[in-house]
Structures are given as structure tokens and as C-alpha cells.
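Undergrad: Starting off with a structure, shown below.
Numbering (my numbering), first residue to last: 367 to 540.
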């Protein structure tokens with residue numbers, strides 16, 4: 367059973383291009399952590415335009431969650447092995463939460479919504495790529511029935527050393 371949130375002041379909607387600066391700001395807030403993304407430098411809004419336009423509401427959406435009028439976080443679906451049609455029913459999920467909204471259930475709300483909407487997007491399998499020391503994200507995905515499907519030791523190199531990557535997945539249909 368999926369965890370449910372009772373907050374009514376939250377809404378999830380398709381991202382608009384005018385949301386891109388805050389989406390990038392939220393993403394960039396994680397770069398220095400070295401446990402959430404493999405980017406070593408902040409990204410620019412211009413560098414993310416093509417990425418933004420590769421999302422589509424009917425196939426690989428990019429959603430923002432608004433709380434009290436502010437964008438608190440976002441979730442994006444990315445094609446898994448883009449261009450290889452056998453993987454069309456699989457998508458990779460990415461979730462990023464604004465620093466002032468972390469640990470308030472935003473990630474749970476977004477992940478719950480993604481799972482619930484995946485059948486309408488013709489998706490049967492969801493995957494995530496999470497650094498092994500990002501315990502909050504691993505726990506979140508595990509709470510929603512994702513299992514550890516792969517482990518890539520020392521694939522990311524940071525100033526502080528190497529980092530392992532955990533591949534989590536959930537099959538939505540039998």
C-alpha cells in the first residue's frame with residue numbers, strides 16, 4: 367500500500383517553460399551535496415532548455431509540485447535507453463525538492479503521483495539511479511515498493527572520493 371498525504375494545499379501540474387529557472391535552482395541546490403547528482407558544477411537555464419522540451423505531458427512528463435503558491439519540488443520522467451523501442455514501457459524517474467521544503471512529504475507526494483499516473487503514460491516499469499549514500503532517497507523509493515535491481519561500485523568520482531550507484535526498480539504490471 368502506498369503512503370498517503372493529507373495536505374490539501376499542494377498541487378501537481380505539468381511544468382511550464384516559465385518554471386525552468388526555479389527547476390534549475392532546485393536542481394543546482396543539490397550539486398554541492400555530492401550525494402544526489404553527478405553534476406560537478408551548477409547548470410544554466412539555457413543548458414536545460416533542450417532537456418525541458420524533451421519532456422511531454424502524455425509520455426514523459428515533467429511535473430512541479432506547488433505548495434502555497436511556491437514550487438516545492440519537481441519530478442521528471444526520462445526515457446530509459448532512448449531510441450531502443452523495446453524499452454518504451456520503462457522510464458527513469460528523477461525527483462528534486464527545494465531546500466526549504468525538504469522532509470515535508472513532497473517526494474512522497476510526487477512519487478505516489480508518478481506511480482498512479484504511469485499506466486496512463488503506457489509505462490510498465492519505473493527505475494531510479496540513486497547514489498548509495500543517499501539514504502533518504504533509497505528509503506523513499508523502497509517505501510513505494512522499489513527494489514534494488516543493480517549496484518555499480520565506484521562509478522562516480524568526486525573530490526571526496528568515489529561513490530557507488532544503486533539502481534532501483536519497480537514493475538507496475540505483472
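Backbone N, C-alpha and C define an ideal beta-carbon position, used for all residues, glycine too.
What you are looking at is a predicted structure, and each value in this text was computed from that prediction instead of being measured.
1. Specify the secondary structure class of residue 370 as computed by DSSP and reduced to three states.
2. Can you tell which of 540, 478, 507, 490 has the C-alpha that lies nearest to the C-alpha of residue 377?
3. When the Cα atoms are used, what is the spatial distance from residue 450 to residue 439?
4. For residue 402, which three-state DSSP category applies?
5. Can a CB atom of chain C be found closer than 7 Å to the CB of residue 390?
6. For residue 541, which three-state DSSP category applies?
7. Which residue or residues does DSSP assign as beta-bridge partners of residue 379?
8. Pull up the distance between the alpha-carbon of residue 427 and that of residue 418, whole angstroms please.
9. In the DSSP assignment, what residue or residues form a beta bridge with residue 463?
10. Going by C-alpha to C-alpha distance, which of 500, 483, 499 sits closest to residue 492?
11. With a Cβ-Cβ cutoff of 7 Å, do residue 461 and residue 471 count as a contact?
12. List the residues that DSSP assigns as beta-bridge partners of residue 497.
13. When you compare each of 475, 403, 411, 507 to residue 388 by their alpha carbons, which one comes out closest?
14. Cβ atoms of residue 456 and residue 467: under 7 Å apart, would you say?
15. Measuring only the C-alpha atoms, how far is residue 494 from residue 442?
16. Could you pull the DSSP bridge partners for residue 491 from this structure?
TA: So, from the data block:
1. Unreliable positioning characterises residue 370 in this predicted model, as indicated by a pLDDT of 36, which lies under 50. The coordinate reading is nonetheless provided below. Of the three classes helix, strand and coil, the one that applies to residue 370 here is coil, per DSSP.
2. If we check each option's Cα against that of residue 377, 478 comes out closest.
3. One C-alpha to the other measures close to 30 Å.
4. DSSP, reduced to helix, strand and coil, places residue 402 outside both helices and strands of the structure shown, so it counts as coil.
5. Any reference to chain C falls outside this structure, which holds one protein chain only.
6. An answer regarding residue 541 cannot be provided, because it is not within the stretch 367 to 540 covered by the chain.
7. Paired residue(s): 430.
8. Their backbone Cα atoms lie some 10 Å apart in a straight line.
9. Answer is 439, bridged to residue 463.
10. Comparing Cα-Cα distances from residue 492 to each of 500, 483, 499, the minimum goes to 483.
11. Taking 7 Å as the cut-off, the beta carbon of residue 461 is found no closer than this to the beta carbon of residue 471.
12. Answer is 531.
13. It is 411 whose Cα lies nearest to the Cα of residue 388.
14. Not a contact, by the Cβ cut-off of 7 Å.
15. Using only the alpha carbons, I get a separation of about 11 Å.
16. 456, 537.
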